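*Asks:* Residues 102 to 245 in the working numbering are what the sequence shown spells out, letter by letter.
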Amino acid sequence: MTVSSPTAMTPREVVARTLWGEARGEGRTGMTAVACVIQNRARNPRWWGTSPATVCLKPWQFSCWLADDPNRPKLLAVTERDAAYRVALEIADTLLSGRLADVTAGADHYHTRNVTPAWSAGKTPVAVIGVHRFFRLELRPPAI
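1. Name the one or two DSSP bridge partners that Ile139 has.
2. Ignoring anything shorter than 3 residues or poking outside the region 194-241, list the beta strand (DSSP E) runs there in chain order.
3. Grouping DSSP H, G and I as helix and E and B as strand, with all else coil, what is Ser152?
4. According to the neighbour-count rule (16 or more other Cβ atoms, all chains shown, within 10 Å of its Cβ), is Glu123 buried or exposed?
5. Buried or exposed: Glu239, going by 16 or more other Cβ atoms within 10 Å of its Cβ?
6. Whose C-alpha, out of Arg234, Val204, Arg113, is nearest the C-alpha of Thr133?
7. Rounded to the nearest angstrom, what separates Pro174 and Cys165 at their Cα positions?
8. Secondary structure at Val115, three-state DSSP: helix, strand or coil?
9. So is Leu167 buried or exposed if we call it buried at 16+ other beta carbons inside 10 Å?
See the structure below:
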């Protein structure tokens, strides 16, 4: 079943599809790290949004949701038959229940090692997990 629009999705589906679209090749650890960025942004809304789903769907924040991204049709078509999507749903449940432990040291941004966006130039990642580099650019360090 293909979902035609994110507005037809539950928050769980939006988060899980974002995790799947952004990090399905990175397994549970990589998808969890992306979920942490979503969680950190939602807890500190700034301009990102006030919930995990609105953070995920904020324009230009997660490339998998861009209309011309080759992942978007796959993201809209994925079902629970896909093992990585089932893992993404589990992680989404953990995030949405408030039980997600932050493995990114409070990161609010990330990118793969294959690209260097202008916003990351000269910045030091707070975590490197799989092929992703995680940065804390706008948020304060987590309390210890």
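Where a beta carbon is used, it is the ideal one built from N, C-alpha and C, also for glycine.
Quick caveat: nothing in here was measured; it's all calculated off a predicted structure.
*Replies:* With the given structure in hand:
1. In the DSSP output, where bridge partners are listed per residue, Ile139 has none listed.
2. Listed in chain order, they are 210-213, 228-230, 233-236.
3. DSSP places Ser152 in coil when its eight states are reduced to three.
4. Buried: at least 16 other Cβ atoms inside 10 Å.
5. Counting Cβ neighbours within 10 Å, Glu239 comes out exposed, since fewer than 16 surround it.
6. Nearest option by C-alpha distance: Val204.
7. Cα-Cα distance, rounded: 9 Å.
8. DSSP places Val115 in helix when its eight states are reduced to three.
9. Residue environment analysis places Leu167 among the exposed positions, since fewer than 16 neighbouring C-beta atoms fall within 10 angstroms of its C-beta.
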